[in-house]
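Q:
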Amino acid sequence: MKRFFAILGAALFVGNSGAFAEQATLIDFSKLVGEGNTGLHAPTTIDYSRQAGSAYSAEDKAAMKISLAIPSWEIELASSSQTVENQTLSLVTAAPVKQDAARYGGETVMGVRIHFPSFGINSFAVIKPPFTIPAYATLGDATAQNAVAGGQFDGFGVLKNVGVIKSIQINILGRNYLNRLSLLLEDQNGDEREIVMGYLNFDGWKSLQWNNPNYQTEVRNRDLQIVPLYPRSAPLIKLKGIKIHRDGSQEGGDIVSYIKDIKVIYDQAVVDRNSDVDDEAIWGILRQREEQYRNFELAKLGNLQVLRSLEKKKMAKEADFDQAAPAAAAAAAPATN
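Residue numbers for the sequence shown follow this note's numbering, so the first one is 48 and each next one is one higher.
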């Protein structure tokens, strides 16, 4: 844990404390509201039809899109809690805040309901995006206006050029539950860390904050390093999930909560030097490297979503026997003149 935050992307210091403590929003759920009939959030939409085979019709492929819109998020329970009832009753929805609310009035936040087992057992639930958020995806045509190559999910679960993390904050509405909340973060190497944010034993909105105990505020006390610059790729973090723990001594059943956003204060890993020569424009090394990462991530995402689409088509459409019974009876009845 200490290594993850103290060494992650060791910052390049040049005797300038201006590199310290940049604040950014890792994700803001009020900006992940679905649009129109599709319910998709356009800026985070992924088209995975390229991973589908020729057996799918053009109509099927046109529907093969998914986004980070709030209702698309999932809840994954611990394996010991994955009964049909618990999974069915654990869900995520878009929750509007009252217009006259003291905080976030009129905005839409993420509403979460988790159904833990009624008997005493240690358990947890992970609120996770509908797909692994790709660090290097590009929205539509990379040459289009305002389209940043590899930057589609920047601020939508991904932060780049992250050096040492100073603090993390989550704004959440509690309902006096004793459950503990933590964040699952992943770095550019695929290493995942769990950050304990605190307990939900409060009523109303509260900012839960984690402060890095290893963060040095004095430059002279830091372990300064000279690191290679271009084509060194800037480190990043991305959100893997929000984890809620349930202790076996706690009451089981439903818990509900509402999440607004997650913010991070961190050092920049590399300071923009305003170099006289644009290395990337000449060599394109980072672009090529990021394209490889991006294509790999999107291929994994597409394969999973195609399998889910196929499974959805195979599922029974009838809610009960009454809908099919009249048609079957009519087909079996003898013809009369």
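For every residue, glycine included, the Cβ atom is placed at its ideal position computed from N, Cα and C.
Would you check if the distance between the CB atom of I312 and the CB atom of A68 is smaller than 8 angstroms?
A: Going by C-beta atoms, I312 is nearer than 8 angstroms to A68.
Q: Going along the chain, which unbroken runs of the beta strand (DSSP E) with 3 or more residues stay wholly within the region 253-331?
A: Complete beta strand (DSSP E) runs here, min 3: 283-293, 300-315.
Q: Helix, strand or coil for R150? Go by DSSP, reduced to three states.
A: Three-state result, R150: coil.
Q: To the nearest angstrom, how far is the alpha carbon of F52 from that of N259?
A: Residue placement at F52 cannot be trusted, given a pLDDT of 49 that sits under 50; what the coordinates show is reported in the next sentence. If you take the alpha carbons of F52 and N259, they lie about 8 angstroms apart.
Q: Can you look up I117 in the DSSP assignment and give me helix, strand or coil?
A: Three-state result, I117: helix.
Q: With distance defined between alpha-carbon atoms, name the residue in L87, V80, A184 nearest to L348.
A: Considering only alpha carbons, the answer is A184.
Q: Kindly indicate which three-state DSSP category E239 falls into: helix, strand or coil?
A: The answer is strand: DSSP assigns E239 an E or B state.
Q: So what does DSSP say about F163, is it helix, strand or coil?
A: DSSP places F163 in strand when its eight states are reduced to three.
Q: DSSP on K145, reduced to helix/strand/coil?
A: K145: coil per DSSP, three-state reduction.
Q: Give the DSSP bridge partners of A184, in chain order.
A: Answer is none; A184 lacks a bridge partner.
Q: Please say whether G295 and S165 have beta carbons closer to each other than 8 angstroms?
A: No, they are not a contact pair.
Q: So is the beta-carbon of A328 under 7 angstroms away from any non-hydrogen atom of the ligand ZN?
A: Ligands in the displayed structure: none, and consequently the ligand ZN is not present.
Q: Applying the criterion that 16 or more other CB atoms from any shown protein chain within 10 Å of the CB defines a buried residue, is A366 buried or exposed?
A: Answer is exposed; the Cβ neighbour count stays below 16.
Q: Taking V211 as part of the beta strand (DSSP E), name the residues at either end of that continuous run.
A: Counting along the chain, the beta strand (DSSP E) containing V211 begins and ends at 209-222.
Q: Would you grab the beta carbon distance between Y156 and Y305 for me? Rounded to a whole angstrom, and I think it's under 8 angstroms.
A: Checking the sequence shown, residue 156 turns out to be Val, not Tyr. Yes, they are in contact, since the Cβ atoms of V156 and Y305 sit about 5 angstroms apart, within 8 angstroms.
Q: Classify E106: buried if its beta carbon has 16 or more other beta carbons within 10 angstroms, exposed otherwise.
A: Exposed, by the Cβ-count rule.
Q: Can N226 and R293 be called in contact, C-beta distance under 8 angstroms?
A: Cβ atoms of N226 and R293: closer than 8 angstroms.
Q: Would you mind sorting T190 into buried or exposed? The rule is 16 or more other CB atoms within 10 Å of its CB.
A: Only weak support is given to the placement of T190: the predicted model assigns it a pLDDT of 49, under 50, and the value that follows is read from those uncertain coordinates. So T190 ends up on the exposed side.
Q: Indicate the three-state DSSP secondary structure (helix, strand or coil) for Q98 in the structure shown.
A: Three-state result, Q98: helix.
Q: Tell me which same chain residues have a C-beta within less than 6 angstroms of the C-beta of Q216, skipping the five on either side of it?
A: Within the same chain, Q216 has close Cβ partners S254, Q256, K310.
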